[in-house]
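Residue numbers (our numbering): 683 to 906.
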Ligand SMILES: *Cc1c(COP(=O)(O)O)cnc(C)c1O
């Protein structure tokens with residue numbers, strides 16, 4: 683089946699209120715254009731360089747989502763093109779995004795990446811670290827970033843109960859933050875969770891944004 687059919691099937695399964703981010707890392711622009719022509723606008727990549735090289739090859743209304751780890755020294759180049767950064771994992775990174783966005787007179791949308799997987803993972807904030815980051819209140823002074831919610835990745839496992847419980851952890855943590863700190867901030871509204879293997883579970887546990895690659899584009903040739 684082609685990209686267009688894959689997207690059509692997914693759209694039937696996923697409520698309109700949940701955004702589909704088509705994860706196009708390691709995929710050629712020709713396949714992305716098939717998705718674009720099927721109406722897909724949001725594309726997710728995990729490398730800044732890959733976004734920058736694809737931007738001139740895709741239509742202007744393509745929405746670029748950075749879902750992979752972001753290094754401080756790459757912030758300057760991604761800020762002008764990115765729609766949403768899913769992977770903010772430190773106050774230092776947030777401050778850098780704010781600084782570079784201010785230079786361009788932009789406000790950059792960000793999610794805090796939270797480590798919910800019980801397996802060892804390199805990136806993301808623990809819930810305590812996220813609380814500390816927010817408790818400092820410094821983010822409130824950063825007028826050129828907008829914290830739109832949280833992103834999380836479940837453990838890579840067949841155990842659906844475990845995946846469900848990890849996604850519920852993210853959902854509960856989101857609700858706690860919403861009540862404690864973002865009650866009067868309608869922008870704080872997103873839970874980016876769910877990939878090809880676990881998006882159905884994510885939909886049951888309050889996801890507002892799924893990041894789906896292989897179901898749309900087929901298997902990637904190398905692991906990313
Ligand atoms: C690669 C990737 C995805 C998509 O993975 P699939 O299993 O191909 O759907 C989603 N989120 C992140 C952060 C990724 O790196």
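Even for Gly, the Cβ is constructed at its ideal location relative to N, Cα and C.
Requested in this report: Quick one: grab the DSSP three-state call for residue 820.
Outcome: helix
**Report entry** residue 725 classed as buried or exposed, judged by whether at least 16 other C-beta atoms fall within 10 angstroms
**Finding:** buried
Report task. Label residue 861 either buried or exposed according to how many other C-beta atoms from any shown protein chain fall within 10 Å of its C-beta, with 16 as the threshold for buried. Result -> exposed
Query raised in the report: What residue from 699, 700, 727 has the CA that sits closest to residue 711's CA?
Result: 727
Requested in this report: Find the nearest neighbour of residue 772 within the set 722, 859, 816, 718, judged by alpha-carbon distance.
Outcome: 816
Requested in this report: Return the chain-ordered list of same chain residues with a C-beta closer than 6 Å to the C-beta of residue 721, the five sequence neighbours on each side being excluded.
Outcome: none
Query raised in the report: Is residue 928 helix, strand or coil by DSSP?
Result: Summary: the structure shown does not reach residue 928, with the chain confined to residues 683 through 906, and so no result is reported for it.
Query raised in the report: Quick one: Cα of residue 746 to Cα of residue 702, how far?
Result: 12 Å
Report task. Tell me whether the beta-carbon of residue 822 lies closer than 7 Å to the beta-carbon of residue 808. Result -> no
**Report entry** residue 906 - DSSP class collapsed to helix/strand/coil
**Finding:** In this prediction, residue 906 has a pLDDT of 45, which is less than 50 and means its spatial position is unreliable; nothing more can be read from the coordinates.
Query raised in the report: For the beta strand (DSSP E) that contains residue 778, what are its first and last residues?
Result: Run containing residue 778: none in the beta strand (DSSP E); it sits in the alpha helix (DSSP H), 773-785.
Query raised in the report: By Cβ distance below 7 Å, which residues in the same chain neighbour residue 906 in space, the five residues on each side in sequence not counted?
Result: Confidence at residue 906 is low in this model, with a pLDDT of 45, below 50, so the placement of that residue should be treated as unreliable; the coordinate-derived value is given next. Excluding sequence neighbours, residue 906 sits near 707, 708, 728.
**Report entry** According to DSSP, residues forming a beta bridge with residue 795
**Finding:** 833
Query raised in the report: What residue range is occupied by the uninterrupted alpha helix (DSSP H) comprising residue 848?
Result: 842-863
Query raised in the report: If we call anything under 7 Å between Cβ atoms a contact, is residue 858 one with residue 849?
Result: no
Query raised in the report: Between the beta-carbon of residue 740 and the beta-carbon of residue 780, is there less than 7 Å?
Result: no
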